[in-house]
Amino acid sequence: MGKKSTTSVNKSKEKRQARKLEQHRIADGMSFVTAANKLKDLAPLCKELLVYSNLEIVIDMSIHRVTELDKEVLYWAIDLTERNMKKLYETCVWGWNKERKVEEMSDDAAWYLIARDNNKKLQAFSHFRFDMDFGEPVLYCYEVQIEEGERRRGLGQHLMRVLERLAQATHMRCVRLTALTHNPSAAAFFKACGYSIDETSPSKEDSAHYEILSKATDNTEECVA
Ligand SMILES: CC(C)(COP(=O)(O)OP(=O)(O)OC[C@H]1O[C@@H](n2cnc3c(N)ncnc32)[C@H](O)[C@@H]1OP(=O)(O)O)[C@@H](O)C(=O)NCCC(=O)NCCS
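Each residue of the sequence shown is one higher than the last, beginning at 42 in this note's numbering.
Written out as structure tokens, the structure reads:
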């Protein structure tokens, strides 16, 4: 058996080190996700953002695990999602499957940001999760849904700001989400909020009906997989 050259020994050493670093990075990410999901109350992380007001609206927000969310509020969120999204789902290969949506929205990993006006009327929500995605700790925004009459008043953008603060405070790398490509108002909205195509998004050649968008937290330069 021949002796390995110094170059090849160095190369395998580098590879081993890179693998170790990657393992550490993933282990750190997983511990951040576990820690975020163990938090009893997320409100202290974004307290000053939980009231939103302008000349048109005054909104109070609260954050709940789905397991602690009032069932009536969850049913309203499911109903609002159906009212806002059913047609869009029906016009792509996903189709609208209410049972699957209810299951997703009721999953124990789900967190809810709930927005009510000063008459306590439910006006908007976001379903989000702290999760590992492509080896990174991310705050994944599953839904952001606003009642029709409350749109274009800055509320959607404010909800995203709350999610971004939570992602930052819990050491997530970014806020990531899936957007349907045939939902132009959502595309304009996320662009206005500073979201761009994520590295994990399907390529243009795949002509997928969805894309993955993200906005990095200050914990990282960019959100890369
Ligand atoms: C998309 C959605 C969340 C936006 O919420 P919103 O509260 O109306 O958005 P904001 O008022 O914060 O808008 C911020 C900026 O986004 C852009 N924007 C928002 N809605 C837009 C629309 N329909 N068309 C073009 N640009 C839009 C604008 O630049 C806007 O700023 P401006 O009003 O000063 O021009 C809301 O329209 C909605 O719930 N839609 C149905 C559900 C949905 O598509 N959700 C997203 C996918 S999960």
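Every residue, glycine too, gets a C-beta built ideally from N, C-alpha and C.
Can you say whether residue i is buried or exposed, counting buried as having 16 or more other CB atoms within 10 angstroms of its CB?
{"i": "V134", "result": "exposed"}
{"i": "H65", "result": "exposed"}
{"i": "T47", "result": "exposed"}
{"i": "D239", "result": "buried"}
{"i": "H199", "result": "buried"}
{"i": "E189", "result": "exposed"}
{"i": "G70", "result": "buried"}
{"i": "K139", "result": "exposed"}
{"i": "V203", "result": "buried"}
{"i": "G197", "result": "buried"}
{"i": "V74", "result": "buried"}
{"i": "P332", "result": "Nothing can be reported for residue 332, as the shown portion of the chain is limited to 42 through 266."}
{"i": "V185", "result": "buried"}
{"i": "Y116", "result": "exposed"}
{"i": "L271", "result": "In this structure the chain extends from 42 to 266, so residue 271 is not present and cannot be described."}
{"i": "A233", "result": "exposed"}
{"i": "Q58", "result": "exposed"}
{"i": "L180", "result": "buried"}
{"i": "R217", "result": "buried"}
{"i": "L62", "result": "exposed"}
{"i": "R141", "result": "exposed"}
{"i": "T108", "result": "exposed"}
{"i": "S72", "result": "exposed"}
List the residues that DSSP assigns as beta-bridge partners of residue i.
{"i": "Y33", "result": "Nothing in the structure corresponds to residue 33, since the chain is present only between 42 and 266."}
{"i": "C215", "result": "V179, A257"}
{"i": "D267", "result": "Given that the chain is displayed from residue 42 to residue 266, the structure contains no residue 267 and the question cannot be resolved."}
{"i": "D174", "result": "E177"}
{"i": "R106", "result": "W152"}
{"i": "A165", "result": "A156, I187"}
{"i": "S53", "result": "Looking at the DSSP assignment, S53 forms no beta bridge with any residue, so it has no partner."}
{"i": "S237", "result": "S255"}
Within a Cβ cutoff of 6 Å, which residues of the same chain sit near residue i, ignoring the five residues on either side of it in sequence?
{"i": "S242", "result": "E252, I253"}
{"i": "A249", "result": "P243"}
{"i": "N268", "result": "Only positions 42 to 266 of the chain appear in the structure, and residue 268 is not among them; the question remains open."}
{"i": "Y236", "result": "L254, K256"}
{"i": "N125", "result": "Q186"}
Going by beta carbon distance, what residues of the same chain come within less than 8 Å of residue i, once the five residues before and after it are set aside?
{"i": "I67", "result": "M173, G176"}
{"i": "R206", "result": "L86, C87, L90"}
{"i": "A228", "result": "A220, T222"}
{"i": "V92", "result": "V99, I100, D101, M102"}
{"i": "G270", "result": "The shown model of the chain, from 42 to 266, leaves out residue 270, and the question about it has no answer."}
{"i": "N95", "result": "R194, G195"}
For residue i, which residues from the same chain have a beta carbon less than 7 Å from its beta carbon, with the 5 sequence-adjacent residues on both sides left out?
{"i": "L110", "result": "Y153"}
{"i": "F230", "result": "G197"}
{"i": "E97", "result": "R194"}
Write down the C-beta distance between residue i and residue j rounded to the nearest angstrom, noting that I regard them as a contact closer than 8 Å.
{"i": "A31", "j": "I100", "result": "Given a span of 42 to 266 for the chain in the structure shown, any question on residue 31 remains unanswerable."}
{"i": "N260", "j": "H212", "result": "6 Å"}
{"i": "E145", "j": "Y183", "result": "7 Å"}
{"i": "R192", "j": "T258", "result": "That pair is no contact at about 26 Å."}
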